[in-house]
Every structure is written in C-alpha cells, then in structure tokens.
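Offset between the sequence shown (1-based) and the numbering used here: plus 9. Positions of the beta carbon are idealized from the N, C-alpha and C atoms, including for glycine. It should be emphasised that the depicted structure is a prediction, and the values quoted were computed from it without experimental measurement.
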Amino acid sequence: MLEGIYAALDELFGPLVMNTHPMLVVTVAGIILGAFFVLLNYFLVDQEKVKRLQKMSMEFQKEFREAREKGDEKKLRKLQQKQLELIKLQNEVMKDAFFKPMLITWPIIIVFWGWLRRWYFEVAIVKYPFNFFLFDIFHKIYHSALQADELGYLGWYFLTSYVVGSVLRKFLDMA
Numbered sequence: 010m011l012e013g014i015y016a017a018l019d020e021l022f023g024p025l026v027m028n029t030h031p032m033l034v035v036t037v038a039g040i041i042l043g044a045f046f047v048l049l050n051y052f053l054v055d056q057e058k059v060k061r062l063q064k065m066s067m068e069f070q071k072e073f074r075e076a077r078e079k080g081d082e083k084k085l086r087k088l089q090q091k092q093l094e095l096i097k098l099q100n101e102v103m104k105d106a107f108f109k110p111m112l113i114t115w116p117i118i119i120v121f122w123g124w125l126r127r128w129y130f131e132v133a134i135v136k137y138p139f140n141f142f143l144f145d146i147f148h149k150i151y152h153s154a155l156q157a158d159e160l161g162y163l164g165w166y167f168l169t170s171y172v173v174g175s176v177l178r179k180f181l182d183m184a
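See below:
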C-alpha cells in the first residue's frame with residue numbers, strides 16, 4: 010500500500026528532490042509540515058480552554074506551595090480535592106489536544122518520513138563545524154554512516170519544524 014503512495018510522491022516531487030540540495034528540500038518540508046501541524050492544532054483544540062487550564066494550574070501550584078510552607082493541613086486537604094478536579098480537566102484537554110490532531114498527523118508523518126528516507130537515508134543534510142557527542146553516540150548505537158558532526162534528514166526536519174512551530178505558536182498566541 011505504501012509503495013503506491015511513495016510512487017505517487019516520487020512522480021509528483023521526484024524531479025524536485027533529485028535536482029535540489031537535500032538541505033533545501035528537508036527545510037521546506039519541515040516548514041510546510043510544521044506550519045500545517047501547528048495550524049491544525051490551533052483550529053482543532055480549544056485554545057481558551059487550554060489557557061484557562063494553564064492559569065488554574067499555576068494558581069493551584071502557588072496555593073499549594075504557600076499552604077505547604079505554612080503547614081496548613083486544612084488548606085492542603087481542600088487543595089487535594091481541587092487537584093482531583095484539575096486532573097479531570099487536564100485529562101479532558103489532553104484528550105482533545107492529542108487525539109484529534111494525532112489521527113490526522115500521524116499517517117501523514119509516517120508516510121512522509123518513509124518517503125524521505127528512501128531519498129536521504131544516510132545522507133548528511135547539515136555538517137556542523139564541531140563534533141557533537143550526542144550525535145556520535147546516536148550514530149554508533151544505530152550503526153550509522155553519518156559522522157558526529159553531521160545531521161541527517163530526520164534531525165534536520167525536527168529542528169526546522171520545531172523552530173517554525175515555536176514561532177507560529179508564539180505568533181498565534183497559543184498556549
């Protein structure tokens with residue numbers, strides 16, 4: 010099944026991938042998909058509810074810290090009840106924030122990463138001017154041909170989409 014999808018993607022984007030530097034292809038893909046996933050979250054998740062939950066959590070933590078410092082057992086028991094209500098609300102928000110968008114995003118991510126892997130497996134997308142010990146450990150564990158100063162398509166995609174997502178979240182005033 011995936012081979013048919015990969016063949017369609019090869020037909021559609023193959024010439025672009027073959028004639029363009031891998032860093033540019035993965036960067037553009039990270040920007041497009043990172044923005045798509047943030048916008049999907051923005052429209053599918055009730056942002057006001059998430060902000061309210063964050064505010065309630067911060068207030069609860071402040072009250073709890075103060076009650077614990079004062080040793081107010083009565084207040085601590087009341088806060089434990091409030092904590093149960095807060096946990097229920099957190100579970101509800103988390104369900105909305107993760108499951109709805111995930112049903113749409115995971116199939117896209119799995120197909121896209123699998124397709125990119127066909128083109129850029131063991132290809133150094135970015136070469137750093139220094140050796141980064143975590144990359145060296147990671148590459149040794151997975152017997153990668155990449156060096157400690159090289160980052161592959163998946164790492165570069167994550168960095169790109171993370172930066173785009175962070176900027177877009179800040180711009181959209183998302184919680």
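When the Cβ atoms of the segment 115-131 are set against those of the segment 162-170, are three or more pairs found closer than 8 Å?
By the Cβ test, the segment 115-131 is in contact with the segment 162-170, since at least three Cβ pairs between them sit closer than 8 Å.
Assuming L177 contacts A38 under a Cβ cut-off of 8 Å, what Cβ separation, rounded to an integer in Å, is found between them?
Translated into the one-based positions of the sequence shown, residue 177 becomes position 168. Translated into the one-based positions of the sequence shown, residue 38 becomes position 29. No, L177 and A38 are not in contact; Cβ-Cβ is about 16 Å, not under 8 Å.
Less than 8 Å between the CB atoms is what I'm expecting for F121 and L42, so what's the real figure, rounded?
Along the sequence shown, read from residue 1 onward, the residue named residue 121 stands at position 112. Along the sequence shown, read from residue 1 onward, the residue named residue 42 stands at position 33. Contact holds; Cβ gap of about 7 Å.
Indicate the three-state DSSP secondary structure (helix, strand or coil) for L181 in the structure shown.
The residue you call residue 181 lines up with position 172 of the sequence shown. Reduced to three states, the DSSP call for L181 is coil.
What's the C-alpha gap between L18 and I117?
Indexing the sequence shown from 1 puts residue 18 at position 9. Indexing the sequence shown from 1 puts residue 117 at position 108. Between the alpha carbons of L18 and I117 lies a distance of about 12 Å.
Assess, as a yes-or-no matter, whether the segment 58-68 is touched by the segment 76-90 under the definition of 3 or more beta carbon pairs within less than 8 Å.
Contact between the segment 76-90 and the segment 58-68 is not established, with fewer than three Cβ pairs separated by less than 8 Å.
Quick one: using the 10 Å Cβ neighbour count with 16 as the cut-off for buried, is Y166 buried or exposed?
Taking the sequence shown and counting its residues from 1, the one referred to as residue 166 is at position 157. Classification of Y166: buried, given that the 10 Å Cβ count is 16 or more.
Between which two residues does the alpha helix (DSSP H) carrying T36 extend?
On the sequence shown, position 27 is the one that residue 36 refers to. Looking at the DSSP string, the run of the alpha helix (DSSP H) that includes T36 is P31 to L53.
State the DSSP-derived secondary structure class of F130, mapped to helix, strand or coil.
For this step, residue 130 is matched to residue 121 along the sequence shown. The answer is coil: DSSP assigns F130 none of H, G, I, E or B.
Could you check the C-alpha separation between L168 and L85 for me, to the nearest Å?
As a first step, residue 168 is located in the sequence shown; it is residue number 159 there, counting from the start. As a first step, residue 85 is located in the sequence shown; it is residue number 76 there, counting from the start. CA-CA distance, L168 to L85, rounds to 42 Å.
Going by the CB atoms, is the gap between L62 and K109 shorter than 7 Å?
Residue 109 sits at position 100 when you count from the first residue of the sequence shown. Residue 62 sits at position 53 when you count from the first residue of the sequence shown. Their beta carbons are not under 7 Å apart, which means K109 does not touch L62 by this criterion.
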